[in-house]
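In terms of my numbering, the sequence shown opens at residue 1 and continues consecutively. For glycine and all other residues, C-beta sits at the position ideal for the given N, C-alpha and C. If you're wondering where the values come from, they're calculated on a predicted model, not measured in any experiment. Report on one structure; see the data block that follows.
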Amino acid sequence: MSSPSVPGSIHPISGSPFREALTFDDVLLLPGPSEVMPGDAKLISRLTSTITLNIPILSAAMDTVTESRLAIAMAQAGGIGVIHRNLTPEIQAEHVRQVKKFESGMVVNPVTIHPDDTLADALALMKRYSISGIPVVERGSNGRGGKLVGILTNRDVRFATDPTQRVAELMTKDKLITVDEGVNQSEAKRLLHHHRIEKLLVVDNDYRCVGLITVKDIEKAVANPNAAKDEQGRLRVAAATTV
Numbered sequence: 001m002s003s004p005s006v007p008g009s010i011h012p013i014s015g016s017p018f019r020e021a022l023t024f025d026d027v028l029l030l031p032g033p034s035e036v037m038p039g040d041a042k043l044i045s046r047l048t049s050t051i052t053l054n055i056p057i058l059s060a061a062m063d064t065v066t067e068s069r070l071a072i073a074m075a076q077a078g079g080i081g082v083i084h085r086n087l088t089p090e091i092q093a094e095h096v097r098q099v100k101k102f103e104s105g106m107v108v109n110p111v112t113i114h115p116d117d118t119l120a121d122a123l124a125l126m127k128r129y130s131i132s133g134i135p136v137v138e139r140g141s142n143g144r145g146g147k148l149v150g151i152l153t154n155r156d157v158r159f160a161t162d163p164t165q166r167v168a169e170l171m172t173k174d175k176l177i178t179v180d181e182g183v184n185q186s187e188a189k190r191l192l193h194h195h196r197i198e199k200l201l202v203v204d205n206d207y208r209c210v211g212l213i214t215v216k217d218i219e220k221a222v223a224n225p226n227a228a229k230d231e232q233g234r235l236r237v238a239a240a241t242t243v
């Protein structure tokens, strides 16, 4: 003797190998009040065992979808973009680099220049990396960077016309404002405001430049509090590869 049918249940059709099922038209979700406000909802999701996203959204690794521009927007919103692989490895790496440098708590190992380099060298670096300031360091030895001796900014080169002029003649070298590694954001922001500067040089115990903190990065961090970032404060990004 078969069990009685329960109203609303799904059960086999007599004499048929098929089962009854429901479609979207068979189900109605009734709206109702909620005690959870939209602004209080937490969408934090774990992408891997070590990577957490603030929203569970990834953009597709397609050449019509994700390159550096969308990857930046995705990371700022709390998700992550996957750079497609329909590129040369060098160009794909450049897209990743653009995302990482767009917003960072500190630019680690920033682009540097030497005192005996020329204005033309400096302008080429600024154009290539879309930067407005370059720390000036001595030429190092044994593969190590030399000591910090100055900084070259747009303000220093604005009216310079001789492309062969040495960086040492143009750079700002007096009263450099530097901080040690590990400085927190609030202290960095205070120093930038107090000294009316846009870039803060981070040095190690040997006075080698190991980082750069900028006003723009701090402003971006404040504007995008839910951004997905790595341990160094840089935007997260992924890149597709072959199997």
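State the start and end residues of the unbroken alpha helix (DSSP H) segment that holds proline 135. In the sequence shown, counting from the first residue as 1, residue 135 sits at position 135. It is not in any alpha helix (DSSP H) - proline 135 instead sits in the beta strand (DSSP E) that spans 133-137.
When Thr50, Ser49, Leu30 and Ile72 are compared against alanine 221, the one with the closest alpha-carbon: As a working mapping, residue 221 is identified with position 221 in the sequence shown. When only C-alpha atoms are compared, the closest one is Ile72.
Buried or exposed by the 16-neighbour rule on C-beta atoms within 10 Å, applied to methionine 1: Here the question's residue 1 lines up with position 1 in the sequence shown. In this prediction, methionine 1 scores a pLDDT of 47, lower than 50, which makes its location untrustworthy; the coordinate-derived value is nonetheless stated afterwards. Exposed, by the Cβ-count rule.
Among the candidates Asp162, Met106, Arg85 and Arg46, whose CA atom is the shortest distance from the CA of glutamine 185? Working through the sequence shown from its first residue, we reach residue 185 at position 185. Each of Asp162, Met106, Arg85 and Arg46 was checked against the Cα of glutamine 185, and the nearest Cα belongs to Met106.
Count the C-beta pairs between the segment 76-95 and the segment 47-55 that are closer than 8 Å, then say yes if the count reaches three, no if not. Contact check between the segment 76-95 and the segment 47-55: three or more CB pairs, one atom from each, fall below 8 Å, which counts as touching.
Serine 59 and valine 99 closer than 8 Å at C-beta: Position 59 of the sequence shown, counted from the start, is the residue given in the question as residue 59. Position 99 of the sequence shown, counted from the start, is the residue given in the question as residue 99. Going by C-beta atoms, serine 59 is not nearer than 8 Å to valine 99.
Just grab the DSSP bridge partners of serine 59 for me. Here the question's residue 59 lines up with position 59 in the sequence shown. Here serine 59 is bridged, per DSSP, to Gly81.
Spell out a yes or no on whether the segment 144-153 and the segment 203-223 are touching, meaning 3 or more CB-CB pairs, one atom from each, closer than 8 Å. Enough Cβ pairs lie closer than 8 Å, so yes.
Assuming valine 243 contacts isoleucine 83 (C-beta within less than 8 Å), just tell me the rounded distance between them. Position 243 of the sequence shown, counted from the first residue, corresponds to residue 243. Position 83 of the sequence shown, counted from the first residue, corresponds to residue 83. In fact, because the Cβ distance is near 17 Å, the residues do not count as touching under 8 Å.
Buried or exposed, going by whether 16 or more other CB atoms sit within 10 Å of the CB of threonine 241? Counting from one through the sequence shown, the residue named residue 241 turns up at place 241. Under a 10 Å Cβ-count criterion, threonine 241 is classified as exposed, with fewer than 16 other Cβ atoms of the shown protein chains found around its own Cβ.
Do you know how far the Cα of leucine 29 is from the Cα of valine 183? Along the sequence shown, one-based indexing puts residue 183 at 183. Along the sequence shown, one-based indexing puts residue 29 at 29. In a straight line, the C-alpha of valine 183 is about 51 Å away from that of leucine 29.
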